[in-house]
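Residue numbers (my numbering): 5 to 235.
Heads up, the beta-carbon is just placed ideally off N, CA and C, and yes, glycines get one too.
What follows is a short report on a single structure.
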């Protein structure tokens with residue numbers, strides 16, 4: 005987009021540029037062209053998002069896509085986090101997800117309004133996971149991991165994630181991360197999926213690796229999980 009709002013926000017982002025941090029960020033996101041990365045630290049982006057969210061500029065900024073810079077995408081996600089209404093937050097996320105093109109932007113979006121309607125969020129997650137779009141699938145998996153492994157745990161969600169099959173590294177990594185976290189939080193319900201080889205071999209072994217690295221897994225559980233590695 006080439007609006008006055010965009011140009012003004014880009015100026016604010018460049019004023020926050022940290023060259024060393026930019027180099028660090030580029031290394032973490034090899035699929036994003038370096039010229040699309042400004043180099044703004046997350047706390048500064050969150051502060052800016054809160055300021056913009058209080059102005060009429062926010063609605064215009066998130067209504068016109070795609071954005072030019074990586075930081076604009078992150079800013080977009082952080083503005084969505086400030087939306088208080090559940091339905092409005094879902095609409096904003098669904099309009100934005102097709103334009104999310106990297107794991108970092110994807111993983112940072114955590115709308116607080118989502119917890120206002122847990123049943124409907126779960127239904128939406130099932131749609132996202134079946135979308136076929138890499139970062140929409142990853143986002144759905146992350147929401148399951150963040151919201152549905154504690155007091156809102158739904159045992160069926162384990163099966164839902166175990167059925168995900170993808171050639172995309174960033175999807176498979178999130179499936180592994182989900183199961184490692186599930187082993188830490190819902191061990192008895194989760195370990196049968198490892199014992200019965202319900203996951204692809206790479207995902208299976210990566211989930212075990214991540215679980216064994218976790219301080220939330222007991223020594224005995226770690227020892228047992230190591231025996232379940234596949235070759």
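Residue i versus the options, residue with shortest Cα-Cα distance
i: residue 180; options: 194, 23 and 207; result: 207
i: residue 121; options: 169, 156 and 23; result: 156
i: residue 170; options: 154, 62 and 145; result: 145
i: residue 192; options: 225, 118 and 19; result: 225
i: residue 133; options: 123, 165 and 107; result: 165
i: residue 57; options: 101, 152, 81 and 68; result: 81
i: residue 48; options: 32, 19 and 63; result: 19
i: residue 186; options: 162, 68 and 38; result: 162
i: residue 160; options: 10, 197 and 100; result: 197
i: residue 8; options: 64, 33, 36 and 27; result: 64
i: residue 72; options: 124, 11, 33 and 176; result: 11
i: residue 76; options: 31, 137, 59 and 46; result: 46
i: residue 124; options: 136, 152, 112 and 101; result: 152
Bounding residues of the alpha helix (DSSP H) (the contiguous stretch that carries residue i)
i: residue 23; result: 23 to 32
i: residue 144; result: 138 to 151
i: residue 103; result: Element bounds for residue 103: n/a, residue is neither H nor E.
i: residue 235; result: Element bounds for residue 235: n/a, residue is neither H nor E.
i: residue 190; result: Segment: none, residue 190 is in no alpha helix (DSSP H) and carries neither H nor E.
Close beta carbons around residue i, own chain, < 7 Å, minus the five adjacent residues each side
i: residue 199; result: 232
i: residue 87; result: 93, 96, 115 and 117
i: residue 188; result: 215, 218, 220 and 221
i: residue 202; result: 166
Residues near residue i in its chain [Cβ-Cβ closer than 6 Å; skip 5 each side]
i: residue 110; result: 104, 139, 142 and 143
i: residue 90; result: 117, 120 and 121
i: residue 147; result: 129
Whole-angstrom C-beta distance between residue j and residue i, which should lie under 8 Å
i: residue 205; j: residue 230; result: No, residue 205 and residue 230 are not in contact; Cβ-Cβ is about 16 Å, not under 8 Å.
i: residue 22; j: residue 44; result: 7 Å
i: residue 107; j: residue 174; result: 5 Å
Cβ shell of residue i (< 8 Å), same chain only, five flanking positions each side left out
i: residue 137; result: 101 and 102
i: residue 150; result: 114
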